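Reviewing the structure listed below.
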Amino acid sequence: MRIYKTKNYDEMSKKAASIIFSQVVLKPESVLGLATGSSPIGTYKQLIEWYKKGDIDFSQVVSCNLDEYKGLEKSNDQSYDYFMHHNFFDHINIKPENINIPNGMEADGEKECARYEAVINSLGGVDLQLLGIGHNGHIGFNEPEETFPKETHCVNLTKSTIDANARFFASEEDVPKQAYTMGIKTIMKAKKILIIASGKDKAEIIKKAFFGPITPFVPASILQLHNDVTLVGDEEALSLI
Ligand code: GLP
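Here the sequence shown is numbered in this note's numbering, starting from 177 and rising by one per residue.
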């Protein structure tokens, strides 16, 4: 595992963006696994800036997002579909038909998860997967549990995740209680993984995930077994390692 320590969030974002930039330059038809949350916003901003300068071309890139809330319309400003368009896709030249996000409005969870997993497999898997990390070690929406969930599946969000995400909704009752997410196996199949973390509140979980035992109770700890992981974190997030 490679670890880059940066001064702050902006530097973290620039470093992460430069890794994605290199991936797209080296393989213009890359399949990028993308993430939501506050961590990657700066990374997307930097990529947009480079795109606007004419330095990067996304016309052949295919994207697969990690997860989506179940039951939120795409037009809901809290859906991850909305987030990705607003923070990234609407500002670059990725083709709409190359964008893949689980469909949160498909009520049949089994059907939607099987469809999404098949889409990823048909693309030959993800070349570079961008990840954030939840305070309990979740990646995507793979919450701590007895075993590592494998493929794309429907999860019941934990109280701590609902609480953490409540800041984005009018009230806690509005936070969806379920989501569709790539599974741990889906994520581990990515050829390269780029995980980003910023802020003091991530320091404890970064230490546990990357220097503690590998356990499904800290889902991100499985990344210790992947052979191409890059962690980019700012000084605060990496302060305990
Ligand atoms: C959500 C997302 C994750 C994300 C996590 C951390 O639960 N499903 O993909 O990594 O939040 O978010 P943040 O980057 O805002 O701390």
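Glycine included, every Cβ here is placed at the ideal spot set by N, Cα and C.
These numbers were taken from a predicted model, which means no experiment stands behind them.
- When the five nearest sequence neighbours on each side are left out, the beta carbons in the same chain lying within less than 7 Å of the beta carbon of glutamate 249 are those of Ser255, Met281, in order along the chain.
- DSSP places threonine 337 in the helix class (H, G or I) of the three-state scheme.
- Runs of the beta strand (DSSP E) lying entirely within the segment 338 to 370, each at least 3 residues long, are 354 to 357 in chain order.
- Scanning Lys353, Ala294, Ser298 for the CA closest to the CA of glutamate 319 turns up Lys353.
- Counting of Cβ neighbours within 10 angstroms places aspartate 377 among the exposed residues, the total staying below 16.
- A residue is called buried when at least 16 other Cβ atoms come within 10 angstroms of its Cβ; isoleucine 390 does not meet this threshold and is exposed.
- The closest heavy atom of the ligand GLP lies 7 Å or more from the beta carbon of serine 239.
- Close CB contacts of methionine 177 within its chain, under the 6 Å cut and outside five residues either way in sequence, are with Val405 (chain order).
- Sequence-distant Cβ neighbours of lysine 361 in its own chain, meaning closer than 7 Å and more than five residues away, are Lys326, Glu327.
- When C-alpha distances from asparagine 263 are compared across Gly247, Glu321, Pro216, Gln305, the shortest belongs to Pro216.
- Burial state of alanine 346 is exposed, judged by a 10 Å Cβ sphere holding fewer than 16 other Cβ atoms.
- Taking each of Thr337, Glu411, Asp233 in turn and checking the Cα distance to histidine 314, the smallest one comes out for Thr337.
- At a Cβ-Cβ threshold of 8 Å, alanine 355 and glutamate 348 do not count as neighbours.
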